[in-house]
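Asks: Pasting in a structure now, in structure tokens, and then I'll have a few things to ask.
Residue numbers (our numbering): 642 to 1105.
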């Protein structure tokens, strides 16, 4: 280790606090020079970090000071005030215990009259560091509480993360839709029409499909603020309705259930054996084609359902041609279902009206009974409750049908124009459509059976 050549006068001033703390870099230099002279320290060097926070030690001059201490160049470290070294108890104790003391360097804080060359000075350091850390945490807690109150009242938390499609109005404290808001609406419209995020990015000029995904996921578009894991109703104008946002999130969930594989084959992951129930796969056969074989006939024991399965192997090109023809014709069946959807929705509205009327009736019966009831009124109340329970059961049943119809609408959007578009789609796009529309394809000795992702009336088709 080299002979110690100087004392280190460390000065830090945060630009945010310089004025309110009442001392500048020059003022600190003057006081620290005089203090060194009074201590008999003749040789010193300045280490000055201007405009750096004390919450961590990632500061240029602090890092230079640490290097010089470890190289044995420093005899003392002198600061005006303890929090000039650090506002973190952990960092303060690290510097003292792991940097200064092991290298024989004494620490002096002028304001606190502290000198770690004495036992009392080391004790005082620990106490004062704890109080400095406590004050910093109190400030942070007050800031967090103020921010939480802000978002609870519907104001945007501010900062640099303004969502795409909005500007931040500092005076009002809210988000304001800008010229890009129409693009955000278009993203939801295209996504719910069945387009992938990659396709939407190309159509609307976004560089990455990840940006489209992020925009879709922001509930701020529907007028909400998400802060520290909590959700609050914002004061800002929604770009899309809450129903549209939730429908997009549900659709995303449904589409992510079956991930599209990277295989070039259209129906990978959808093929099942009609004899033993095992999955089936493409197996290269010759130079240009593949055959579909059952995993029970393969050499992977954990996938075998019946080692004696003798299901016929079908040429992949033949199977794909048959399935594609059926898929392209599937839109006709969907279009025929749309007229039924209107009547089902009308039925659901009617049931809600009946339930509301029954509720009013029950309240009137309770009012009559409270005025002087008898056994007849009690029986009427019991009958009204049974009627409401019956209607509620019907509502739940029709609601499930409505959900099925929502899926049907999305499927219709997926396949209604496939006849014209199929020839121009990429393999990945075709596979996305297949995974969205088809639940599974069952092969049995040359026969092909398709199960679609719809209700029981149109969800299956035997095509070969």
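Beta carbons: idealized from backbone N, C-alpha and C, even for Gly. Everything numeric in this text was worked out from a predicted model, so none of it was measured.
Quick one: what's got a C-beta closer than 8 Å to residue 1000's C-beta in the same chain, skipping five residues either side?
Replies: So the list reads 1029, once near-sequence residues are dropped.
Asks: What is the DSSP secondary structure of residue 682, reduced to helix, strand or coil?
Replies: coil
Asks: Can you list, in chain order, the residues of its chain whose CB lies under 8 Å from that of residue 710, leaving out five sequence neighbours each side?
Replies: Taken in chain order, the residues that qualify are 649, 718, 740, 741, 744 and 746.
Asks: Ignore the nearest five residues each way along the sequence and tell me which others in residue 944's own chain have a CB closer than 8 Å to its CB.
Replies: 919, 920, 936 and 937
Asks: Between the Cα of residue 646 and the Cα atoms of 675, 685 and 1038, which residue gives the shortest distance?
Replies: 685
Asks: Tell me residue 810's beta-bridge partners as DSSP assigns them.
Replies: 815
Asks: Do you know offhand how far residue 1005's Cα is from residue 997's?
Replies: Each residue's Cα considered, the two are about 13 Å apart.
Asks: Taking only three categories from DSSP, how would you classify residue 1078?
Replies: Secondary structure of residue 1078 (DSSP, three-state): helix.
Asks: Span of the beta strand (DSSP E) holding residue 649?
Replies: 647-654
Asks: Counting only C-beta atoms, is residue 943 closer than 7 Å to chain D at any point?
Replies: No chain D is present in this structure, which holds just one protein chain.
Asks: For a test of the three-state rule: what should DSSP assign to residue 1098, helix, strand or coil?
Replies: Any reading at residue 1098 is ruled out, since the residue's pLDDT is 44, under 50, leaving its predicted position unreliable.
Asks: As a quick exercise: from 729, 1078, 1085 and 875, pick the residue whose alpha carbon is nearest that of residue 1157.
Replies: It is not possible to answer for residue 1157, since the shown part of the chain is limited to 642 through 1105.
Asks: Pair every Cβ in the segment 829-843 with every Cβ in the segment 781-800, then say whether three or more of these pairs are closer than 8 Å.
Replies: no
Asks: Tell me which residues share the same chain as residue 850 and place their Cβ nearer than 7 Å to its Cβ, disregarding the 5 neighbours each side in the sequence.
Replies: 838, 839 and 842
Asks: Measuring only the C-alpha atoms, how far is residue 794 from residue 653?
Replies: 38 Å
Asks: In chain order, what residues of the same chain lie with their CB nearer than 6 Å to the CB of residue 906, ignoring the 5 residues before and after it?
Replies: The residues 923, in chain order, have a CB closer than 6 Å to that of residue 906 in the same chain once the five nearest residues on each side in sequence are set aside.
Asks: For residue 655 versus residue 694, is the C-beta distance shorter than 7 Å?
Replies: yes
Asks: Does the Cβ of residue 805 have 16 or more other Cβ atoms within 10 Å, making it buried, or fewer, making it exposed?
Replies: buried
Asks: Check residue 848 in the structure and name its three-state DSSP category.
Replies: coil
Asks: In angstroms, rounded to a whole number, what distance separates the CA positions of residue 983 and residue 991?
Replies: Residue placement at residue 983 cannot be trusted, given a pLDDT of 43 that sits under 50; the coordinates are not used to answer.
Asks: Whose CA, out of 950, 941, 1023 and 778, lies closest to the CA of residue 917?
Replies: 950
Asks: With burial defined as no fewer than 16 other Cβ atoms inside 10 Å of the residue's Cβ, what is the status of residue 962: buried or exposed?
Replies: exposed
Asks: If I follow the unbroken alpha helix (DSSP H) through residue 825, where does it start and stop?
Replies: 822-833
Asks: Check the C-beta distance from residue 1084 over to residue 955 and give it rounded, since I have them as a contact under 8 Å.
Replies: 6 Å
Asks: Okay, do the segment 813-831 and the segment 847-861 touch, 3+ Cβ pairs below 8 Å being the bar?
Replies: yes
Asks: Could you tell me the alpha carbon to alpha carbon distance between residue 926 and residue 911, rounded to whole angstroms?
Replies: Straight-line Cα distance between these residues: approximately 20 Å.
Asks: Just confirm the distance between the C-beta atoms of residue 651 and residue 720, as a whole number of angstroms; I'd bet it's less than 8 Å.
Replies: 5 Å
Asks: Out of 1073, 814 and 1007, which one is the CA nearest neighbour of residue 1022?
Replies: 1007
Asks: Is residue 917 helix, strand or coil by DSSP?
Replies: coil
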